[in-house]
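Just add 859 to wherever you are in the sequence shown, counting from 1, and you've got the numbering used here. We treat Cβ as the ideally placed atom computed from N, Cα and C, and that holds for glycine. The structure appears below as structure tokens.
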Amino acid sequence: MGRSSLAAEAGVGAEEGALIQPGSSACPSTPPVPVSALAEGVPAHRLCSLGPAGAGDMGAVGVLGWLLLLQAVPQAAGAQPCSPKSFGRDSIVCVCNATYCDTLDPVVLPAPGTYVKYESSKAGKRLERSEGSFQRSLHAPGLLLTLNVSALYQHVKGFGGSLSDAAAINILGLSQPAQDNLLRSYFSESGIEYNLIRLPMACSDFSVRPYSYDDVPHDYELKHFRLAEEDVKLKIPILHRASAMSRRTLSLYASPWTSPGWMKSNGDVRGKGTLKGQAGDKYHKTWANYFIKFLDEYAKHNVTFWAVTAQNEPLAAIFTPPQFPTIAFTAVQQRDFVVRDLGPALARSPHRTRLIILDDQRIHLPHWAKAVLGNATAARYVAGLGVHWYLDSIVPASCSLEATHKLFPDHFLLYTEACSGFLTLRFSVSLGCWERGESYSHSILTVLNHFVAGWTDWNLALDLQGGPNWVKNFVDSPVIVDSSKDVFYKQPMFYHLGHFSKFIPEGSRRVGLHSSRRCLICQLEHVAVLRPDGALVLVVLNRSGWDMPFWIQDPAVGFIETMAPANSIQTYLWRGK
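Put into structure tokens, the structure is as follows:
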């Protein structure tokens, strides 16, 4: 999408508690340490602490300090610790290559009356595991988080990322062993166990070229429809490898950026345009059948899709520069396309593929939902709504997400795209930026607490520039690949996502969670879920620069006395009763 094109709108001030604007991160303010300097060790004066005063000076720790810190913390048997490296930001990355990568043990439920805690922090912890026991009583008054498992809310679909052309190119730019380590990090039990994968349907801006699957003009029967080399040689092999590594069922969904140019009003795959004609005509019928052809061709490669979105960012065309691949739809136009063309085409097809509408910013909610789902025929064809995070600071979640859920409770809400670095003039990639990880987890916690069923990151992997991207729309990613050294860097964003994806499987349900007092200064944020196996999960984020003691109560089990360190995220897991 055209992130830079949204800069003017994203400049609107955020309300209290809203998503920190990803593009306004403080982390990139320090110039990056040259690669040549990193090979010799980073001078202490180049390391930075960009958190609140008193949060600690990372420069006094240094790379050796990181290693000693990580070695001092007990690891679960078999788990491999992070190999830390600083690039002069406020935290570290974990370095992986062909022979080494940090890992996690498979999740095992603790004994009754005990819990396990996983913690990551700006100070250097990365999903570090510890154990403890419940207490029978509360010894000291303070902040108390009480679960109510009888208050059940939305089901969780899951968490994941997008296999763009750029992501596939970067993954396959590594040696085979390093590729395996990267894919295991995302999809296996030794990693963070993603279960959602989004795929662009033909090109996106994160491709190396603009293309479609049928560039033969007036081919209304799509006789010349062909998958691209990017599908057959890059993405499909990766999908099979990821599936083989995953204990969980992977749910794939596809999103089109653009139709073939001959179907568009501007006559070009690139740039602004609408579909020619109107709903129900030969262009719209052909475009709907294009979706079915895509599903047919992927099925021939033994790849099936859980869902498709009707259009990536249908209103982005209003703002994007001329070259971006996109098709413009209003809500009414999308409704009519769903009713007359896409909905019936999917229903007639052999594919049991769900349909997601919007796939754009939440500033369009609940209006978009009312316009489309207010039509009973459209509502029958649609399973849910996709949301992007880029303008979240403009409208509160309660006025958009929760309002939509209350109007249409039978249609799920799913976050379908997010990334950092899209509004920065410098440092699209900010290696080791903790604040960008906090922005991810803050978003996930906020939207889960407002009836969203899952959260999908944008590119699974990008290069050091934040690409490739044929329109130079470079952004950040949880995994950054340096193919020249056959290494990849797992960023703080990766571990923040893992605090949710590894421990909250598909089919979990959010449960009630009551805080005994509102903490106006500590910025403690949290969500609780009940897993299908009966275990309970509590995720707690502390974005403040000071430690925050608190208690957890499961009335059926007891109390946990604990503390959220400054700038940390924790996941607690225990057996319910």
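Straight-line gap, residue i to residue j (C-alpha atoms, nearest Å)
i, j, result
"A982", "N1426", "8 Å"
"S1034", "C955", "12 Å"
"K1436", "G991", "18 Å"
"L1307", "D1392", "20 Å"
"L1432", "L1395", "6 Å"
"K1361", "V1091", "29 Å"
"Q1013", "D1140", "38 Å"
"L1006", "G1417", "11 Å"
"D1345", "V1241", "43 Å"
"P1327", "L1002", "47 Å"
"E1294", "V1015", "26 Å"
"T958", "A1101", "19 Å"
"Q1412", "R995", "10 Å"
"R1376", "M1407", "13 Å"
"F1347", "F1196", "42 Å"
"Q1429", "R1213", "34 Å"
"F1164", "L997", "49 Å"
"Q939", "L963", "7 Å"
"L929", "Y1354", "Low local confidence applies: a pLDDT of 37 at L929 is under 50, so the model's placement there is unreliable, and no value is given."
"P1036", "G947", "28 Å"
"P1059", "W1410", "44 Å"
"S908", "I1339", "Because the pLDDT of S908 is 28, which lies under 50, any placement of that residue in the model is unreliable, and the question is left without a value."
"P893", "S945", "For P893, the predicted structure reports a pLDDT of 31, less than 50, and the residue's modelled location is therefore unreliable. The matter cannot be settled from this model."
"S942", "A1025", "25 Å"
"Q934", "V975", "Here the model assigns Q934 a pLDDT of 43, short of 50, so the residue's position is not dependable and the matter cannot be decided."
"N1125", "G937", "57 Å"
Residue i - containing alpha helix (DSSP H), residue span
i, result
"R1100", "I1095 to M1104"
"Q939", "Premise fails: Q939 is in no alpha helix (DSSP H) and is neither H nor E."
"E1156", "K1141 to K1159"
"Y1354", "P1351 to S1360"
"I1028", "D1024 to L1031"
"L968", "Note, L968: premise wrong, no alpha helix (DSSP H); not H, not E."
"R1207", "G1202 to R1207"
8 Å Cβ cutoff met for residue i and residue j
i, j, result
"T1185", "Y1079", "no"
"D1219", "H1247", "yes"
"L1389", "L1004", "no"
"D1316", "L1356", "yes"
"L1290", "Q1350", "yes"
"S1300", "S1279", "no"
"C960", "N1040", "yes"
"K1318", "S1021", "Sequence check: residue 1318 is Asn here, not Lys. Taking 8 Å as the Cβ cut-off, N1318 and S1021 qualify as a contacting pair."
"Q1170", "Q1193", "yes"
"T1168", "I1215", "yes"
"V1398", "F1359", "yes"
"F993", "I1363", "no"
"M1122", "F1046", "no"
"G1313", "Y1274", "yes"
"P1000", "A1061", "no"
"A1190", "H1143", "no"
"H1270", "G1243", "yes"
Residue span of the beta strand (DSSP E) that contains residue i, given as start and end
i, result
"I951", "I951 to C955"
"I1428", "S1427 to R1434"
"N1318", "V1311 to N1318"
"S979", "T973 to S980"
"G1417", "G1417 to A1423"
"P1414", "Segment: none, P1414 is in no beta strand (DSSP E) and carries neither H nor E."
"G1019", "G1017 to S1021"
"V1191", "Unbroken run through V1191 is the alpha helix (DSSP H), A1190 to F1196; no beta strand (DSSP E)."
"T1005", "L1003 to H1014"
Of the residues the options, the one placed nearest residue i, counting alpha carbons only
i, options, result
"D988", "S980, S1044 and T1283", "Going by the sequence as given, residue 988 is Arg instead of Asp. Looking at the Cα atoms, S980 is the closest of the given residues."
"G972", "C1258, Q1429, A1423 and P1414", "P1414"
"L1174", "G1132, M1352 and L1232", "G1132"
"P1268", "I1253, V1197, L963 and K1229", "K1229"
"V1162", "K1135, A1113 and P1255", "A1113"
"A1158", "L1098, F1347 and V1231", "L1098"
"S1049", "S1343, V966 and P1096", "V966"
"R1211", "V1399, P1000 and S1110", "S1110"
"D1336", "F1153, S1208 and C1292", "Note that residue 1336 is Ser in the sequence shown, not Asp. Nearest of F1153, S1208 and C1292 to S1336, Cα basis: C1292."
"V1330", "S1066, S1302 and M1060", "S1066"
"G1366", "G1017, P943, S942 and Y974", "G1017"
"I1051", "S945, G1019, E1088 and S1023", "G1019"
"V820", "V1128, R1043 and L1031", "Because the chain spans 860 through 1436 in this model, residue 820 falls outside it and cannot be assessed."
"N1332", "V1288, S950, S1342 and L1201", "V1288"
"A1256", "A1277, L1093, A1238 and I1303", "I1303"
"V1334", "E1276, E1384 and R1369", "E1276"
Unbroken stretches of the beta strand (DSSP E), 3 residues or longer, contained in the segment 1211 to 1296: 1213 to 1220, 1243 to 1247 and 1271 to 1276
Uninterrupted alpha helix (DSSP H) stretches inside the segment 1033 to 1077 (no shorter than 4 residues): 1035 to 1046
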